[in-house]
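K.L.:
Per the numbering used here, residue -17 is the first one in the sequence shown, and the count goes up by one each step. Every residue gets a Cβ at the ideal spot worked out from N, C-alpha and C, and that includes glycine. Structure incoming, see below.
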Amino acid sequence: MTRGSRIPGFYRLRVEERRARLAEALGRAPETFAAVDPGALALDVADGMIENVVGTYALPFAVAVNFVVDGTEVFVPMCVEEPSIVAAASNAARMARPDGFTCEVSPPVMIGQIQITNVADVDAGAAALRAAADGLVAEARALVPRLAERGGGPRALDVRTLARDGVDGGVLVAHLHVDCRDAMGANLVNTLCEALADRAAAIAGGRAGLRILSNLTDERTVTVRCRIDDAQLAVGGAKRRPPYHAPAGFDPGDPSSGRSNEAGGEASGPEVRAAIAAASRFAELDPYRAATHNKGIMNGVDAVLVATGQDWRAVEAGAHAYASLRGSYRPLAVWREVPHGLEGELAMPLSVGTVGGALHVHQGARLALELAGVTCADRLAAVAGAAGLATNLAALRALATEGIQRGHMALHARGLARAAGATGELVELVAAELAATGDVKAERAREVLARLVGRRQDAALAAKLQAVQPAEEPR
């Protein structure tokens, strides 16, 4: 990257200007972004990716700015439909500068499960499997010699007892631990489990059942940390700006526009710090709150995973299972007060890959990896985790101060303006008035648009009439 990810006012630029700035920062040609132009995913390519294709479905492809991850400037690619997520991530990343986010990524070890049922003596069967574990792992490694040469492949096999009797008799499960390197690894792990299943069942004296990976990847995790100074947390008249800067033609002081567009209320850095830490403790005590807390994390994580062509459903399943491992559902990220600031830590399973899957054929996913400077799975996990901690911070700061709806609904106003039929600068005019009045509804958007269009038509007609007035006759 020739320039940093800090681009003030990036959201104000037109799409083509954003592309030009990114291309300049990355040392790439603007034509690079053709991979995410409308229709870039050709129908014949889509038809080869999944079954019963009848078309393609587009999501906005965006870039979150201001990120520093492990000391490196990063543009974070995001595909998501919900307003405010990209803005929230960018704002939180700005608050975390200059140190940014530091990450620890575990080895990329996935777990494959071989279920063995109808085991007559589960203790003897488990002991026999443990005694044969090294041999079974060696057999599995022989099936993937190239992966083993690259430092990956099957690592170990352990056994758990699930039931001693019941409808399925005695039930054991053998866990095959596989280092997948830069692959997500689902197909690899499933293939190895299927190859070992019959032999493992025979050793245990039972019958082979399911043979498939687990999405609770508690051995493939990422831990992300950041520190935010009090000065960055403060909310006040001078520091807080409205999500919309009203374009020319909109007067926030006009009585017909409702209340002012200026944000009200102030909160000092220590006050916001204490409120965020209290919100974190709330999530640690209450699973109902923890579910929403974690959804805010996945807002950032999933958006990165969709942009980069990952199996985001697998990560979602693993994240929520991991949150429940200690007997109750808990937050994946916690925040603690420290002198003059706040420290956050996110720990979650994150199984991603930079080879295989959709990346073979999806140019947009490959572009996303290039934008983020990602060449290996570990780095992708770090970037996605940093995005998750950023969106969590932004949500908690909003909840702890002005409430979540103000910024979210202000951004939602633009979508309503477009849905009402606004185009060009009318989109911003309508959205600014909706945000300023707080009446962010489809019916209100139509009313505002009709009034603004009426004013323009009246002005155009007056100008036209003025232009055709007969010249005054000389006396």
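In angstroms with no decimal places, state the Cα-to-Cα distance between Cys175 and Leu158.
P.N.:
One C-alpha to the other measures close to 7 Å.
K.L.:
State the start and end residues of the unbroken beta strand (DSSP E) segment that holds Pro331.
P.N.:
Start and end: Gly323 to Pro331.
K.L.:
Go ahead and label Ala230 buried or exposed: buried means 16 or more other beta carbons lie within 10 angstroms of its beta carbon, across all protein chains shown.
P.N.:
With a pLDDT of only 41 at Ala230, under the threshold of 50, the placement of this residue in the model should not be trusted, and no figure is reported.
K.L.:
Is it true that the CB of Trp317 sits closer than 8 Å to the CB of Ser262?
P.N.:
Contact flag set, yes.
K.L.:
Along the beta strand (DSSP E) that carries Asp211, what are the first and last residues, could you check?
P.N.:
Unbroken beta strand (DSSP E) run through Asp211: Thr203 to Asp211.
K.L.:
Quick one: what's got a C-beta closer than 6 Å to Gly152's C-beta in the same chain, skipping five residues either side?
P.N.:
Cβ neighbours of Gly152 beyond the five flanking positions: Val101, Val104 and Arg146.
K.L.:
Would you list, in sequence order, the uninterrupted alpha helix (DSSP H) runs of no fewer than 4 residues that lie entirely inside the stretch 85 to 139?
P.N.:
Whole alpha helix (DSSP H) segments, 4+ residues: 104 to 113, 115 to 124 and 127 to 131.
K.L.:
Determine which residues share a DSSP beta bridge with Val430 and list them.
P.N.:
For Val430, which the question treats as bridged, DSSP gives no partner whatsoever.
K.L.:
Reducing DSSP to helix, strand and coil, say where Arg318 ends up.
P.N.:
In this structure, Arg318 counts as strand in the three-state DSSP scheme.
K.L.:
Got a sec? Which residues, its chain only, sit under 7 Å from Leu381 by beta carbon, not counting five neighbours each side?
P.N.:
These residues qualify, in order along the chain: Ala261.
K.L.:
With burial defined as no fewer than 16 other Cβ atoms inside 10 Å of the residue's Cβ, what is the status of Arg142: buried or exposed?
P.N.:
Exposed, since its Cβ has fewer than 16 Cβ neighbours within 10 Å.
K.L.:
If you reduce the DSSP assignment to three classes, tell me which class Cys358 lands in.
P.N.:
Three-state DSSP puts Cys358 in coil, outside helix and strand.
K.L.:
Under 8 Å, do Leu204 and Cys61 count as touching if we go by C-beta distance?
P.N.:
Position check: residue 204 holds Val in this sequence, whereas Leu was assumed. No, these two residues do not count as a Cβ contact at 8 Å.
K.L.:
What residue ranges within the stretch -6 to 59 form continuous beta strand (DSSP E) runs of no fewer than 3 residues, ordered along the chain?
P.N.:
If we require 3 residues or more, the beta strand (DSSP E) runs fully inside the stretch -6 to 59 come out as 43 to 51.
K.L.:
From this set, Met77, Ala40 and Asp52, which residue's C-alpha is nearest Arg(-12)'s C-alpha?
P.N.:
Selected option, being the one with the closest Cα: Met77.
K.L.:
Does the beta-carbon distance from Ala71 to Val51 come in below 8 Å?
P.N.:
Not in contact: Ala71 and Val51 (Cβ atoms no closer than 8 Å).
K.L.:
In chain order, what residues of the same chain lie with their CB nearer than 7 Å to the CB of Ala366, ignoring the 5 residues before and after it?
P.N.:
The answer, listed in chain order, is Val283, Val286, Leu287, Leu332 and Val334.
K.L.:
Suppose the cutoff is 7 Å on Cβ atoms and the five residues either side in sequence are ignored; what does the same chain contact list for Val422 look like?
P.N.:
Within the same chain, Val422 has close Cβ partners Met391, His394, Ala395, Leu398 and Leu416.
K.L.:
Are the stretch 189 to 203 and the stretch 298 to 310 touching, with three or more C-beta to C-beta distances below 8 Å?
P.N.:
Contact holds: three or more Cβ-Cβ distances are below 8 Å.
K.L.:
With a cut-off of 8 Å, do at least 3 Cβ pairs link the stretch 348 to 362 to the stretch 266 to 276?
P.N.:
No, the stretch 348 to 362 does not touch the stretch 266 to 276.
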